[in-house]
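Participant:
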Amino acid sequence: MNNGNIMLENYVTYLEFLDEKFQKFFAKQKPYIFCQKGCAKCCKNAQFPYSSIETAYLLYGFMKLDAGIQEEVDKNIKQVLEDKKIFKGEKFRYNCPFLINNVCCVYEYRGLVCRSFGLMTNDINGKVQVPFCCFDGLNYSNVMDDEGKHVSREKFDKLGVEEEPTAFNVSYQFLTDPDFERGFNFVFGDKKPLIEWFIKPENETAY
Ligand code: SF4
Ligand code: SF4
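The working numbering puts the first residue of the sequence shown at 5, with every later residue one more than the last.
1) Decide if N7 is buried, meaning its Cβ has at least 16 other Cβ atoms within 10 Å, or exposed.
2) Under 8 Å Cβ to Cβ from V155, same chain only, skipping five residues before and after it: list those, please.
3) Thinking Q177 and D127 are a contact (beta carbons under 8 Å), I'd like their distance in whole angstroms, please.
4) The alpha helix (DSSP H) that contains K204, what's its start and end?
5) Under 8 Å by Cβ, that's how I've got L123 and F29 pegged, so tell me the actual separation to the nearest angstrom.
6) With H, G and I counted as helix, E and B as strand and the rest as coil, what does DSSP make of N80?
7) Looking only at C-alpha atoms, which of G72, E112, Y98, Q74 sits nearest to Q83?
8) Three-state secondary structure (DSSP) at S55?
9) Exposed or buried, which one is Q40 when buried takes at least 16 other CB atoms within 10 Å?
10) Which residues in the same chain have their Cβ closer than 6 Å to the Cβ of K196, if we skip the five residues on either side of it in sequence?
11) Say whether the region 104-111 touches the region 87-96, bearing in mind that this needs 3 or more beta-carbon pairs closer than 8 Å, one atom from each stretch.
12) Got a sec? Which residues, its chain only, sit under 7 Å from N9 by beta carbon, not counting five neighbours each side?
13) Can you name, in chain order, every residue of its own chain whose Cβ lies under 6 Å from the Cβ of C46, other than the five neighbours on each side?
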C-alpha cells in the first residue's frame, strides 16, 4: 500500500470521527434544522473551500459514478471554469459541479464544509454565525430574530422545546487544524476553492 493510500485511509478515519460528532450536533439541534434531500441552496453560489486530501477523496468518489453522471459533472466543471475566466469581481461564486438534479452525486465523499454546513457556528474568535439559509426561512429561522443575530426568547418559548439553539465550533479553519493532521496522521495539503483544483496551467480540466 503506498503512502497516498494510507493518508487517504487515515483521512477517512478522521471523517468517521467527525461524522459521529456532526450526527450528535445535528440531532441536538433538530428543532431548528430544516435540511432535506433536494434542498441544495448551500451547494450553490459559493466558493467551497477544499484541501488537497478532501479533493482527492471527492475524486475517488467521482471515479465510482456511472459514466453518464461523470459526463454531467465534467460538463459542469467546464462550464464553471468558462464562467470563471470571464468573471471580473473579487470572489468568484458558483454552483458546485457535483450537484446533479439538486442532489450531491458524491455525498459520501463530500468535503468538510459540506458536512458541517447547516449548524450555527462559533469560530475560533467566538463569532457566532447562523447559516445563510436562516434568512430564507430555513435553519434556525424559527428561533432567531429577524436579523439572525440573536435568539428570540419569544420564538424559543413558543416552540416549547428543551434543547436550546447552540453554536458549534465547526468553522473550516477549526476542522482543518494541524492538530487533527497530527492526531490522525494525514496532511490536508493546499486549500483553495473546489473549482480551482480543476485548473491546469493550460486551463484544461484536471482529469
Ligand atoms: S443547510 Fe440550509 S440550504 Fe443547506 S440543505 Fe440545510 S436547509 Fe438547505
Ligand atoms: S460536494 Fe456535494 S455537498 Fe458539497 S457542495 Fe458539492 S454538491 Fe454540495
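All C-beta atoms, glycine included, are put in the ideal place defined by N, C-alpha and C.
Here the structure is a predicted model, which is why all the values come from computation and not from measurement.
Facilitator: With the structure as the only source:
1) As a working note, residue 7 is residue 3 in the sequence shown. That one is exposed.
2) Locating residue 155 in the sequence shown gives position 151, where the first residue counts as 1. In the same chain as V155, and ignoring 5 residues on each side of it, the C-beta atoms closer than 8 Å to its own belong to V147, M148, D149, E168, P169, in chain order.
3) Within the sequence shown, the letter at position 173 stands for residue 177. Within the sequence shown, the letter at position 123 stands for residue 127. That belief holds up - the Cβ atoms of Q177 and D127 are roughly 7 Å apart, short of 8 Å.
4) Start at 1 with the first residue of the sequence shown, and residue 204 comes out as number 200. No alpha helix (DSSP H) holds K204; DSSP gives it neither H nor E.
5) Stepping through the sequence shown from its first residue, residue 123 is reached at position 119. Stepping through the sequence shown from its first residue, residue 29 is reached at position 25. Sure, about 6 Å apart at Cβ, within 8 Å.
6) Your numbering for residue 80 matches position 76 in the sequence shown. Helix.
7) Looking up residue 83 in the sequence shown gives position 79. For the residues G72, E112, Y98, Q74, the minimum Cα distance to Q83 belongs to Y98.
8) One-based indexing of the sequence shown puts residue 55 at position 51. It is a strand residue.
9) Taking the sequence shown and counting its residues from 1, the one referred to as residue 40 is at position 36. Answer is exposed; the Cβ neighbour count stays below 16.
10) Taking the sequence shown and counting its residues from 1, the one referred to as residue 196 is at position 192. Scanning its chain for C-beta atoms nearer than 6 Å, with the 5 sequence neighbours on each side dropped, one finds no residue around K196.
11) Note that the region 104-111 does not touch the region 87-96; fewer than 3 beta-carbon pairs, one per stretch, sit closer than 8 Å.
12) What you label residue 9 is simply residue 5 of the sequence shown in a count that begins at 1. Cβ within range, chain order: n/a, list empty.
13) Here residue 46 is taken as the residue at index 42 of the sequence shown, counted from 1. The answer, listed in chain order, is F121.
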